[in-house]
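Converting from the sequence shown to the numbering used here requires adding 1372 to each position, the first position being numbered 1.
Note that beta-carbon positions come from the ideal geometry of N, C-alpha and C, so glycine has one too.
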Amino acid sequence: MQALPAAGTTSSSDPGVLVDALPYIDTGYDEAARQAAIAMIEDECRRFRPTKNYLAHLPTPKYDAFMTEVMKNEYERIQNGQPMDLLNMKRYELPGPPAGKQTDITAWQDAVDNSKAQLEHLDV
1373 MQALPAAGTT SSSDPGVLVD ALPYIDTGYD EAARQAAIAM IEDECRRFRP TKNYLAHLPT
1433 PKYDAFMTEV MKNEYERIQN GQPMDLLNMK RYELPGPPAG KQTDITAWQD AVDNSKAQLE
1493 HLDV
């Protein structure tokens, strides 16, 4: 296991600090390492004095950086109080052959092929 830096050697504004621990995934730590980590967290909690805006040194997030045209349209629809379009369930229907082709083997084969295609769509 890699040694942790001494307390106070880095600051939260240091862009080189990368927290990459995943305690819910990482395994292989013994009880002593766990207790040491908890002690460091408790020590940091005692020293940390939050200010009114402790994130002030960070740039303002660009909330619309990943906004797509579809998302913009949906937000506009919601803001205008318009209901969402209903899903078209036609594509999920599995009709048999039409009334005039109930005895046509080709029509039945087409219906079976359609049902297989719909089943594959549901599997994806």
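Legend entry - N-terminal and C-terminal residue of the alpha helix (DSSP H) that Gln1407 is part of: 1403-1419
Inset, instruction - Check each candidate in Gln1454, Asn1486, Lys1462, Asn1452 and name the one with the smallest Cα separation from Gly1468. - result: Minimum Cα distance to Gly1468 is reached at Asn1486.
Inset, instruction - Tell me, to the nearest whole angstrom, how far the beta carbon of Gln1490 is from that of Leu1466; I am working on the premise that it is less than 8 Å. - result: That belief holds up - the Cβ atoms of Gln1490 and Leu1466 are roughly 6 Å apart, short of 8 Å.
Inset, instruction - Apply the 10 Å Cβ neighbour rule to Thr1381 and answer buried if 16 or more other Cβ atoms are within range, or exposed otherwise. - result: Unreliable positioning characterises Thr1381 in this predicted model, as indicated by a pLDDT of 47, which lies under 50. The coordinate reading is nonetheless provided below. Burial call: exposed.
Inset, instruction - Take Asp1482 and list the residues in its own chain whose beta-carbon comes closer than 8 Å to its own, dropping the five residues that flank it on each side. - result: Pro1469
Inset, instruction - Could you tell me the boundaries of the alpha helix (DSSP H) in which Val1425 lies? - result: Sequence check: residue 1425 is Asn here, not Val. That residue, Asn1425, is in no alpha helix (DSSP H); it is neither H nor E in DSSP.
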